[in-house]
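Count along the sequence shown starting at 1, add 1231, and that's the number in the numbering used here.
In what follows, a single structure is set out as structure tokens and then discussed.
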Amino acid sequence: MTTLIPSLNSCLPRMTSGEKRFARRLEQYLEDDYLAWYDVPVGVLTRHPDFIVLHPQRGLLVLEVKDWKLETIQQMDRQRATIITNRGVKEVLNPLEQARQYTYGVVKPLENDPQLVHPPGHALQGRLMLPFGHGVVFPNITRRQFDAQQLSDVIPANRVICRDEMTDSLDAEAFQERLWGMFTVQFRHRLSLPQMDRIRGHLFPEIRIQQGSLFDDGPDADAAGGSVADALPDLMRVMDLQQEQLARSLGSGHRVVHGAAGAGKTLILVYRCLHLARALRKPILVLCYNRTLAARLEQVLAEKGVGDQVVVYNFHRWCHAQLRAYHVEPPPSGGGQRAFFDAMVQRVIGAVDERRIPGGQYGAVMIDEGHDFEPHWFRVATQMVDPDTNSVLVLYDDAQSIYERSQRRFSFSSVGVQAQGRTTILRINYRNTRQVLDLASRFARELLAPEEAEDDGIPLVGPESAGRDGPEPTVIALPTLPREIDYVVRHLKRLHAHGRQWREMAILYRRTRVAGRIAQSLKEAGIPSENLVARSRGRGATPTDADSVKVVTMHSSKGLEFPVVAVTGLGEMDPQEDRLAEETRLLYVAMTRAMDELIVTGAPDAPFLQRIQQAGSAH
């Protein structure tokens, strides 16, 4: 299956129905060595072709998808088309001409790269090593209709894919032949991986990764003859692909990824697990602090077919499982939950030191949201990896340290993570729209000032927007919490009436006592809902994919993301001086769960709502 960038789920809200169908066919009918991008800005004018498809041998193809019906087209020549829209008659470019212009915007920078053109002395000296072409997709016009209306007079028949040529029952080879037919030439040359990396870097030069490869050690990364920085792709549009690519590189040793909120750290972990699961004999251990995140990771990895090879625990449940499995007496209860958990961790550490609990149990150890861990937790976790594989991955963002204990400064080497020279920093936030990230960052700006650190230390990585636009966040003051919840419920109903699915929405709250009120209001409004915190408390319980609004605490929302997020009850947050930094981080985490739309409510005199309003007015 081809890799679509961004992922299909993140694209769906802004795709037309025809684009959705075509994207699914690309995923369905193209093999792994195809790459596809949707709606990426290219060229000096940052135009947005609908799809770019790249294959290391077939070449590069630019496609425009038009959801036109026959009656949409009033007239068309080779340059222009007059169409009927909901707003009346409109003159636009012939879609093939539009695709042609986009193609030259894509190709031009590639032609200036000596490593992507045929060398001196070659019969095709100076020409690109890869074929390129362009075409049109008509999801609502059949081939018979296309021929009957003689549209081939203005768009060559071989440059078009019609409705009946992109069905879900179509033969994959027939679909691919339609794509190949859009190329006017074919070359025998097959692009190398470094050349594919260079092409991605040229397509998206404004946000290339400059830090170097995550799992390659560096000396051989310059295989194409250029600098590492030149070869690397941009983070927003190629990041998912790079994560998958890096996860398949079985470099041994310990790795640390410092990434801003929304930079794709958890995706790196997932892709890494997928690849290592095929290569390692021992199981892979994934640890995090958040029970809801653990449940979600467990679900995702199971859906991807590696649930039997990857075990996922929140840290304290793993400690409990170790004590039980190796018959180590747990600490006595009493003294409060935190005291019990601390004592349980110490029991595990002591049992490992005494070899009552064996080390080296796992082929790899992955730690997500490592900023939530106490320093000594890393030491016991790293002792669990098989020394023959020695594969450890820690994902970290100091800006999201929402627990007082996790804000202690330390070096990774001091806690057993030996990642010197194998640390990567990811700065580009691809999750949030520019508007959501701007508001969250301005609100928490005092805590987000970037801080450099030694390779073995802990930097604070400020997020940089990938530039995706969306609606401005809604920030509203309401006199009571019931009024807030009522407003949020009505707002979500409006979004649903305009096409948003319930599963795309989440309500985040600060205090657990609010959950019942939210659930009751949703029930009275006829909105299906699911309490993720309640589901994650049971062993093996995971959030479902049911079409329901997800209700979750701010703390438990870490690592999750939703197209629409409502953060309510800001008056419930603690504004006291000794709690201010932690609560600010917590609210920053909650706000950055919103991929597209953010709604924030609170009492008019709530200090945190007032700060958000000030941050918004300062824009």
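All C-beta atoms in this analysis are idealised placements derived from N, C-alpha and C, irrespective of residue type, glycine included.
None of these values were measured; they are calculated from a predicted model.
Cut-off 8 Å between Cβ atoms - residues of its own chain near residue i, not counting five sequence neighbours on either side
{"i": "N1545", "result": "L1518, C1519, Y1520, N1521, R1522, L1524, A1525"}
{"i": "M1615", "result": "L1516, G1590, G1591, Q1592, Y1593, V1596"}
{"i": "G1484", "result": "N1621, S1622, V1623, Q1649, A1650, R1653"}
{"i": "A1680", "result": "L1691, G1693"}
Distance, residue j Cα to residue i Cα
{"i": "W1411", "j": "T1398", "result": "18 Å"}
{"i": "V1820", "j": "N1663", "result": "12 Å"}
{"i": "D1451", "j": "P1425", "result": "Note that D1451 has pLDDT 33, beneath the 50 cutoff, so the model's placement of it is unreliable and the number below is only indicative. If I take the Cα positions, the gap works out to 10 Å."}
{"i": "Q1568", "j": "H1607", "result": "19 Å"}
{"i": "S1383", "j": "E1534", "result": "44 Å"}
{"i": "P1362", "j": "Y1260", "result": "21 Å"}
{"i": "T1815", "j": "E1703", "result": "21 Å"}
{"i": "L1811", "j": "V1611", "result": "31 Å"}
{"i": "L1477", "j": "D1263", "result": "Residue placement at L1477 is poorly supported in this model, since its pLDDT is 43, which falls under 50; the coordinates still yield a value, given next. The straight-line gap from Cα to Cα measures roughly 15 Å."}
{"i": "T1373", "j": "R1394", "result": "5 Å"}
{"i": "H1558", "j": "R1744", "result": "37 Å"}
{"i": "E1560", "j": "V1625", "result": "30 Å"}
{"i": "P1345", "j": "Q1356", "result": "10 Å"}
{"i": "A1510", "j": "V1323", "result": "52 Å"}
{"i": "M1427", "j": "I1236", "result": "15 Å"}
{"i": "D1603", "j": "S1644", "result": "18 Å"}
{"i": "G1800", "j": "P1806", "result": "13 Å"}
{"i": "S1672", "j": "G1364", "result": "42 Å"}
{"i": "D1895", "j": "R1699", "result": "This structure does not reach residue 1895, given that the chain is present from 1232 up to 1850, and the question cannot be answered."}
{"i": "Y1335", "j": "E1813", "result": "50 Å"}
{"i": "R1731", "j": "G1290", "result": "36 Å"}
{"i": "G1757", "j": "T1832", "result": "22 Å"}
{"i": "L1285", "j": "S1696", "result": "26 Å"}
{"i": "T1705", "j": "R1714", "result": "15 Å"}
{"i": "P1287", "j": "L1422", "result": "5 Å"}
{"i": "W1268", "j": "V1348", "result": "23 Å"}
{"i": "Y1333", "j": "P1710", "result": "52 Å"}
{"i": "D1308", "j": "T1316", "result": "18 Å"}
{"i": "M1785", "j": "R1741", "result": "6 Å"}
{"i": "E1755", "j": "C1504", "result": "42 Å"}
{"i": "R1390", "j": "S1400", "result": "22 Å"}
Helix, strand or coil at residue i according to DSSP, with G and I counted as helix
{"i": "Y1335", "result": "helix"}
{"i": "E1828", "result": "strand"}
{"i": "E1761", "result": "strand"}
{"i": "E1703", "result": "coil"}
{"i": "A1574", "result": "helix"}
{"i": "Q1631", "result": "helix"}
{"i": "R1509", "result": "helix"}
{"i": "F1604", "result": "coil"}
{"i": "V1501", "result": "helix"}
{"i": "I1386", "result": "coil"}
{"i": "D1489", "result": "Reading the sequence as shown, one finds His at residue 1489 and not Asp. Residue state, collapsed to three classes: strand."}
{"i": "Y1260", "result": "helix"}
{"i": "Y1663", "result": "Sequence check: residue 1663 is Asn here, not Tyr. In this structure, N1663 counts as coil in the three-state DSSP scheme."}
{"i": "R1658", "result": "coil"}
{"i": "T1864", "result": "No information on residue 1864 is available, as it lies outside the stretch 1232 to 1850 that the chain covers here."}
Option nearest residue i by Cα separation, candidates the options
{"i": "V1795", "options": "T1823, E1814, L1818, H1602", "result": "T1823"}
{"i": "A1556", "options": "V1583, G1833, I1315, N1240", "result": "V1583"}
{"i": "E1803", "options": "G1747, L1712, V1782", "result": "L1712"}
{"i": "G1693", "options": "G1701, A1777, E1677, V1706", "result": "E1677"}
{"i": "N1371", "options": "Q1553, W1299, Y1269", "result": "W1299"}
{"i": "I1598", "options": "R1512, N1343, E1808, V1543", "result": "V1543"}
{"i": "K1339", "options": "R1358, A1354, P1351", "result": "R1358"}
{"i": "R1665", "options": "L1285, T1415, L1829", "result": "L1829"}
{"i": "Y1627", "options": "V1487, V1719, H1506", "result": "V1487"}
{"i": "D1669", "options": "G1701, F1377, L1347, Q1288", "result": "G1701"}
{"i": "E1279", "options": "T1705, I1843, V1646, L1434", "result": "With the sequence shown as reference, residue 1279 is identified as His, and Glu is not the correct amino acid for it. Out of T1705, I1843, V1646, L1434, L1434 has the C-alpha closest to the C-alpha of H1279."}
{"i": "V1501", "options": "R1512, M1360, E1529", "result": "E1529"}
{"i": "I1659", "options": "D1378, E1250, A1777, G1495", "result": "G1495"}
{"i": "Y1718", "options": "L1341, I1749, R1842", "result": "I1749"}
Residues of its chain near residue i, where Cβ-Cβ distance is below 6 Å and the 5 sequence neighbours each way are ignored
{"i": "E1295", "result": "D1281, P1326, Q1329, A1330, V1367"}
{"i": "S1779", "result": "W1733, P1759, S1760, E1761"}
{"i": "P1835", "result": "A1708"}
{"i": "I1392", "result": "V1368, R1409"}
{"i": "T1497", "result": "D1599, G1790"}
{"i": "A1675", "result": "T1815, Y1819"}
Beta-carbon contacts of residue i that lie in its chain and below 7 Å, excluding the five residues immediately before and after
{"i": "P1562", "result": "F1571, A1574, M1575, R1578"}
{"i": "K1321", "result": "I1314"}
Below-9 Å beta-carbon distance, residue i vs any chain C residue
{"i": "V1719", "result": "The displayed structure is made up of one protein chain only, and chain C is not part of it."}
**Prompt:** Contact between the stretch 1794–1814 and the stretch 1733–1740: three or more CB pairs below 8 Å?
**Reply:** Yes, they touch.
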